[in-house]
Amino acid sequence: MNALHANSLTRAFATRGSGTRVALDSVNLTLPEGRVHALLGPNGAGKTTLCRIASTVLLPTSGTAHILGHDVVTEARAVRRLIGIVFGGDRGLYDRLTAQENLQFWCSMHGLKRRETKVRTSELLERLGLAPRRADRVETFSRGMKQRLHLARGLVSDPELLILDEPTVGMDPISAREFRHLITGLRDEGRTVLLTTHDLAEAEALAETVTMIDQGTILRHVDSPPEAGTLEPLYFDLLGRVEDGTARGMDL
Amino acid sequence: MSARAPEPASDRPLDPESPVAEPKSPIPGAGERIRALLFVVVASFCLQLRQMRGNADWMMPLITTPLLTIVFVTIFLHAGRLELVSYAVLAPAMMAMWSTSLMSAGELISSERENGSLEGLIAAPAPFGLVLFGRIAAVTTLSLAGFAEAWVTGSLLIGEPVPIAQPWHFSAAVLVTVLAMTCWAGVMSSLFVLARSARIFQNSLSYPFFVLGGVLVPVSMLPVWVEVPSRLVFLSWSSDLLRDSMAPVAVDDLLLRLGTITLLGLIGLGLSLFLLDRTLKRVRTTGRLTHA
Numbered sequence: 167m168n169a170l171h172a173n174s175l176t177r178a179f180a181t182r183g184s185g186t187r188v189a190l191d192s193v194n195l196t197l198p199e200g201r202v203h204a205l206l207g208p209n210g211a212g213k214t215t216l217c218r219i220a221s222t223v224l225l226p227t228s229g230t231a232h233i234l235g236h237d238v239v240t241e242a243r244a245v246r247r248l249i250g251i252v253f254g255g256d257r258g259l260y261d262r263l264t265a266q267e268n269l270q271f272w273c274s275m276h277g278l279k280r281r282e283t284k285v286r287t288s289e290l291l292e293r294l295g296l297a298p299r300r301a302d303r304v305e306t307f308s309r310g311m312k313q314r315l316h317l318a319r320g321l322v323s324d325p326e327l328l329i330l331d332e333p334t335v336g337m338d339p340i341s342a343r344e345f346r347h348l349i350t351g352l353r354d355e356g357r358t359v360l361l362t363t364h365d366l367a368e369a370e371a372l373a374e375t376v377t378m379i380d381q382g383t384i385l386r387h388v389d390s391p392p393e394a395g396t397l398e399p400l401y402f403d404l405l406g407r408v409e410d411g412t413a414r415g416m417d418l
Numbered sequence: 212m213s214a215r216a217p218e219p220a221s222d223r224p225l226d227p228e229s230p231v232a233e234p235k236s237p238i239p240g241a242g243e244r245i246r247a248l249l250f251v252v253v254a255s256f257c258l259q260l261r262q263m264r265g266n267a268d269w270m271m272p273l274i275t276t277p278l279l280t281i282v283f284v285t286i287f288l289h290a291g292r293l294e295l296v297s298y299a300v301l302a303p304a305m306m307a308m309w310s311t312s313l314m315s316a317g318e319l320i321s322s323e324r325e326n327g328s329l330e331g332l333i334a335a336p337a338p339f340g341l342v343l344f345g346r347i348a349a350v351t352t353l354s355l356a357g358f359a360e361a362w363v364t365g366s367l368l369i370g371e372p373v374p375i376a377q378p379w380h381f382s383a384a385v386l387v388t389v390l391a392m393t394c395w396a397g398v399m400s401s402l403f404v405l406a407r408s409a410r411i412f413q414n415s416l417s418y419p420f421f422v423l424g425g426v427l428v429p430v431s432m433l434p435v436w437v438e439v440p441s442r443l444v445f446l447s448w449s450s451d452l453l454r455d456s457m458a459p460v461a462v463d464d465l466l467l468r469l470g471t472i473t474l475l476g477l478i479g480l481g482l483s484l485f486l487l488d489r490t491l492k493r494v495r496t497t498g499r500l501t502h503a
């Protein structure tokens, strides 16, 4: 089964005064289960829009998207049971709660029972190196620690598909490296991960497939783990062709 | 922890905004299903209490309650109207409940959006309506502290406990008032997201409702053109019933009045669910689930 299948997926946003801005333009994309997929593109490429549609928090303007066989619009509740999401940045947690309280709350949002919650919370805090700070309020955490807690939150339901939207954005290099190490662990488990990034090195280090996207259009899909240094020339060549207006409609 | 094989598609209703939860693991019976939903409410209730601990912003109406009580009680004492002390004690308590719900519970969706956590809540399997209900219930329950504050302050001022002649009637009235308040705070929570000028709208809902709710002056003493719309506001029924419960005379039509408050609360609940559905659809359509 495919983790994600998008068919002519389009999303347009109303803009002030001047009509609409197309964030996704008839995107066709199929990503199989059990792999780490990177969605690579510059800011404003449409990566986050695709993640938001996949996580059911945004409705497409037209076209369809299926997560593990479930339509994100008509079967949103089924999709929500199968995914975990980690949005970038340090917002989205409850700062006045401790790390443990945050995770306990999100466990309850995913229907975990009390005993499961206790086990899962301890396990995740331990795994993500937050156990010594479990009783500290999140407002005292560094950005890297908050992002690790975000990842723990995304994993509380043991999801079939983990969506990571620019998870290392704004992190210092050491925290980002530690975070990537955690993602590598998830990859080694055979978990399905959809990772968006504008960082070429991150895509090369983590991904087993890479989809390059810009201006709402898929530019190229690389269906094998990229070797170090191979993405950069291809990526900039494609972006250059987008700038020239010659990239659209190219043979993928 | 490991990645698992996909589960078969569920045969449950798949309405994306259905208020009924569909937890991840199979649930054998209705009892356990209800228990799971209650757990969502309890977890949300606890989350809200933890969010509010040590945060004076949430408590502002409770901080002003003793001060207002001093003002009202002193006026009645100065006028030699000791029999009206119950009015002076109830008014600040009801004002605290309304203000806390209006200011705090009403802003819950907006504050989740500002915090960046609304997306996560919408994308979780738990029904968002239950999450909101649990959190608002925590706010309104906490606002009951205003009753204790006002009673203690009033008692200190008159030098003896302010009498509550029929405590069971009073307790029942408080209970249905809290439920009705919780339901109507849900309405406000959605309205504040939908309204273009939410802050102005919010500020305009305080004092008019203190009048319409008859929190100090019973609506029966107000002009007819004010009294008629007041009867559509649950607060007016609550204020009258609470005052009557404190007085040493039998309460007329207790069940009818409790039922009216409950009915008005249920109307608020229905409106709340309708508006929440509209709100969530709108933010998912417009893409304004988060603040830019």
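From first to last, the protein sequence lines stand for chains A and B.
Add 166 to the 1-based position in the first sequence for the working numbering, that's all there is to it.
Add 211 to the 1-based position in the second sequence for the working numbering, that's all there is to it.
We put the CB at the ideal spot given by N, CA and C, even for glycine.
In this text the structure is predicted, and so the values were computed from the model without any measurement.
Proximal chain A residues relative to residue i, where beta-carbon distance stays under 8 Å
{"i": "I333 (chain B)", "result": "T222, V223"}
{"i": "R493 (chain B)", "result": "In chain order: nothing, as chain A lies at least about 10 Å away."}
{"i": "S408 (chain B)", "result": "Ordered by position in chain A, no residue passes the 8 Å Cβ test against S408 (chain B), which lies about 17 Å from the chain."}
{"i": "E330 (chain B)", "result": "R218, S221, V223, I251, F253, G258"}
Residue i vs residue j beta-carbon contact at 8 Å
{"i": "T196 (chain A)", "j": "H236 (chain A)", "result": "no"}
{"i": "C217 (chain A)", "j": "I329 (chain A)", "result": "yes"}
{"i": "L423 (chain B)", "j": "P440 (chain B)", "result": "yes"}
{"i": "S456 (chain B)", "j": "I375 (chain B)", "result": "yes"}
{"i": "S483 (chain B)", "j": "V398 (chain B)", "result": "yes"}
{"i": "S417 (chain B)", "j": "L313 (chain B)", "result": "yes"}
{"i": "H387 (chain A)", "j": "T377 (chain A)", "result": "yes"}
{"i": "V426 (chain B)", "j": "M306 (chain B)", "result": "yes"}
{"i": "R346 (chain B)", "j": "L258 (chain B)", "result": "yes"}
{"i": "A349 (chain B)", "j": "F256 (chain B)", "result": "yes"}
{"i": "V252 (chain B)", "j": "F403 (chain B)", "result": "no"}
Sequence-distant residues of its chain with Cβ nearer than 7 Å to residue i (five each side left out)
{"i": "P234 (chain B)", "result": "Confidence is the limiting factor: at P234 (chain B) the pLDDT is only 44, short of 50, which leaves the residue's position unreliable, though a coordinate-based value still follows. Within the same chain, P234 (chain B) has close Cβ partners A247, P336."}
{"i": "A356 (chain B)", "result": "L273"}
{"i": "W269 (chain B)", "result": "M263, S315"}
{"i": "D191 (chain A)", "result": "T176, G382, T383"}
Nonlocal neighbours in the same chain, by C-beta distance under 6 Å from residue i, ignoring five residues either side
{"i": "E374 (chain A)", "result": "R201, V202, P391"}
{"i": "N168 (chain A)", "result": "T196, P198"}
{"i": "L295 (chain B)", "result": "F287"}
{"i": "F412 (chain B)", "result": "A406"}
{"i": "T358 (chain A)", "result": "A169, E199, G200, L327"}
{"i": "E398 (chain A)", "result": "L366"}
{"i": "V187 (chain A)", "result": "What sits at residue 187 (chain A) in the sequence shown is Arg, not Val. These residues qualify, in order along the chain: F179, T181."}
Span of the alpha helix (DSSP H) around residue i
{"i": "N326 (chain B)", "result": "319 to 326"}
{"i": "P198 (chain A)", "result": "Looking at the DSSP string, P198 (chain A) is not in any alpha helix (DSSP H); the run it does join, the beta strand (DSSP E), is 185 to 198."}
{"i": "M378 (chain A)", "result": "No alpha helix (DSSP H) holds M378 (chain A); the beta strand (DSSP E) holding it covers 375 to 380."}
{"i": "L216 (chain A)", "result": "213 to 220"}
{"i": "S382 (chain B)", "result": "378 to 405"}
{"i": "T352 (chain B)", "result": "339 to 353"}
{"i": "V251 (chain B)", "result": "241 to 263"}
{"i": "I375 (chain B)", "result": "Note, I375 (chain B): premise wrong, no alpha helix (DSSP H); not H, not E."}
{"i": "A318 (chain A)", "result": "309 to 321"}
{"i": "V284 (chain B)", "result": "267 to 289"}
{"i": "T350 (chain A)", "result": "339 to 354"}
Beta-carbon neighbours of residue i, restricted to chain A and to distances below 7 Å
{"i": "T496 (chain B)", "result": "L225"}
{"i": "A247 (chain B)", "result": "G277"}
Beta-carbon contacts of residue i that lie in its chain and below 8 Å, excluding the five residues immediately before and after
{"i": "L259 (chain A)", "result": "N268, V304, K312, L315, H316, R319"}
{"i": "L469 (chain B)", "result": "A383, A384, V387, L452"}
{"i": "A503 (chain B)", "result": "Bear in mind that a pLDDT of 39 at A503 (chain B), under 50, signals an unreliable position, so the model cannot answer this."}
{"i": "A166 (chain A)", "result": "Any question about residue 166 (chain A) goes unanswered here, given that chain A covers just 167 to 418."}
Listed by chain order, chain A residues near residue i by CB distance under 9 Å
{"i": "V251 (chain B)", "result": "S274, M275, G277"}
{"i": "G327 (chain B)", "result": "F253, G255, D256, R257, G258, L259"}
{"i": "R261 (chain B)", "result": "Y260, R262, L263, T264, E267, F271"}
{"i": "N266 (chain B)", "result": "R262"}
Cutoff 8 Å: residue i Cβ touching any chain E Cβ
{"i": "R300 (chain A)", "result": "The structure shown contains no chain E; the protein chains it does contain are A and B."}
Endpoints, beta strand (DSSP E) assigned at residue i
{"i": "F445 (chain B)", "result": "Not the beta strand (DSSP E): F445 (chain B) falls in the alpha helix (DSSP H), residues 445 to 457."}
{"i": "D463 (chain B)", "result": "No beta strand (DSSP E) contains D463 (chain B), which DSSP labels as neither H nor E."}
{"i": "L420 (chain A)", "result": "Since the first residue shown for chain A is 167 and the last is 418, residue 420 (chain A) is missing from the structure and cannot be characterised."}
{"i": "I249 (chain A)", "result": "249 to 253"}
{"i": "G229 (chain A)", "result": "228 to 233"}
{"i": "V304 (chain A)", "result": "No beta strand (DSSP E) contains V304 (chain A), which DSSP labels as neither H nor E."}
Partners in chain B for residue i, counting only beta-carbon separations shorter than 8 Å
{"i": "R246 (chain A)", "result": "A334, A335, P336"}
{"i": "L195 (chain A)", "result": "The premise fails here: L195 (chain A) is roughly 19 Å from chain B at the closest Cβ pair, so nothing lies under 8 Å."}
{"i": "R187 (chain A)", "result": "In chain order: nothing, as chain B lies at least about 10 Å away."}
Under 7 Å from the C-beta of residue i: neighbouring residues of chain B
{"i": "F271 (chain A)", "result": "A254, L258"}
{"i": "F307 (chain A)", "result": "What F307 (chain A) touches in chain B: nothing, since even the nearest Cβ is about 15 Å away."}
{"i": "F179 (chain A)", "result": "G498"}
Self-check item: Stretch-stretch touch, CB-based, cutoff 8 Å, three pairs: the segment 246 to 255 of chain A with the segment 292 to 301 of chain A
Solution: no
Quiz item: So, do the segment 338 to 354 of chain A and the segment 366 to 373 of chain A have three or more beta carbon pairs nearer to each other than 8 Å?
Solution: yes
Self-check item: Cβ contact (3+ pairs, closer than 8 Å) linking the segment 218 to 231 of chain A and the segment 177 to 196 of chain A
Solution: yes
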